[in-house]
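Please read the structure below before turning to the comments.
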Ligand code: 0L1
Ligand code: MG
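Residue numbers (this note's numbering): 13 to 267.
Structure representation (structure tokens):
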């Protein structure tokens, strides 16, 4: 087994069992090329267990997230069928290590999209848009990592919840939103915080997919990135984000 495959196995086991591990960069820093290779290898392990790739997530697309984590490059990860949590349902806290939640916009892809595209071409490939929340969960001790670590860990991709789908021409460029825990507002923001306009995250998603030899295929979901800083979850919490014109997405945190 190669070193990269061995690291992928460690990252995958940490995610599968909800167990924290030390950062790989404590030993040696990973290049971006190595980190994305590890991510791809660890996802192969999930696919072999029966999970399906259902799309991709973009990360660090807002200044708030970059400041929160002290990193400033766009990153991406894969979404699988095993990561989708039911809207209005109860998530199993014990499946995560130290999960956080952030409000996002989701795109549903209608036509294949890959490579360098304009925002107009990206929007033309969209079937629908939805309000969403991502549940990120770094598998590293204390949620601490460098860029190579987080990319190898599938960019902290762990869970996601989708609200109702709306027609693709729904304006999501600058919608106010409030993320509340137990009815108290924790984060207030706008979808404009996602790269100034979330469609830019879809443009970036097409580019990064191509760089990995992949396409955004019909039926794929693209999470555009957090619109605010992420909020730590704990058992018993009622989590809700209300989006201007798009309604509310909610879930509860179980044990
Ligand atoms: O914006 C993101 O979804 C980045 C996720 C990776 C970093 C983190 O875990 O906060
Ligand atoms: Mg996110």
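Quick reminder that beta carbons are idealized off the backbone N, C-alpha and C, glycines included.
(request) At 3 residues or longer, and completely inside the segment 55-136: list those beta strand (DSSP E) runs for me, N to C. (result) 65-71, 87-92, 112-121
(request) With residue 234 as the anchor, note down where its beta strand (DSSP E) starts and where it stops. (result) 233-235
(message) Helix, strand or coil for residue 251? Go by DSSP, reduced to three states.
(response) strand
(request) Determine the burial state of residue 71: buried for a count of at least 16 other Cβ atoms within 10 Å of its Cβ, exposed for fewer. (result) buried
(message) Can you tell me whether residue 46 is helix, strand or coil according to DSSP?
(response) helix
(request) Please report how far the alpha carbon of residue 225 lies from the alpha carbon of residue 89, in whole angstroms. (result) Going by the C-alpha atoms only, they are around 14 angstroms apart.
(message) Please report the straight-line C-alpha distance between residue 257 and residue 187, rounded to a whole angstrom.
(response) 8 angstroms
(message) To the nearest angstrom, how far is the alpha carbon of residue 151 from that of residue 78?
(response) Residue 78 has its alpha-carbon roughly 18 angstroms from the corresponding atom of residue 151.
(request) Whole angstroms is fine: what's the gap from residue 30's alpha carbon to residue 162's? (result) Cα-Cα distance, rounded: 16 angstroms.
(message) Can you tell me whether residue 211 is helix, strand or coil according to DSSP?
(response) helix
(request) Count the other CB atoms, across all protein chains shown, that sit within 10 Å of the CB of residue 253; report buried if there are 16 or more and exposed otherwise. (result) buried
(request) Report the option in 53, 92, 112, 169 whose CA atom is closest to the CA atom of residue 240. (result) Nearest to residue 240 by alpha-carbon distance, out of 53, 92, 112, 169, is 112.
(request) Could you have a look at residue 264 and say whether DSSP puts it in helix, strand or coil? (result) strand
(message) Following a CB-centred definition, is residue 235 positioned closer than 7 angstroms to any heavy atom of the ligand MG?
(response) Result yes, Cβ under 7 angstroms from the ligand MG.
(request) Report the three-state DSSP secondary structure of residue 51 (helix, strand or coil). (result) helix
(request) Pull up the DSSP beta-bridge partners for residue 201, would you. (result) 189
(message) Can you tell me whether residue 206 is helix, strand or coil according to DSSP?
(response) coil
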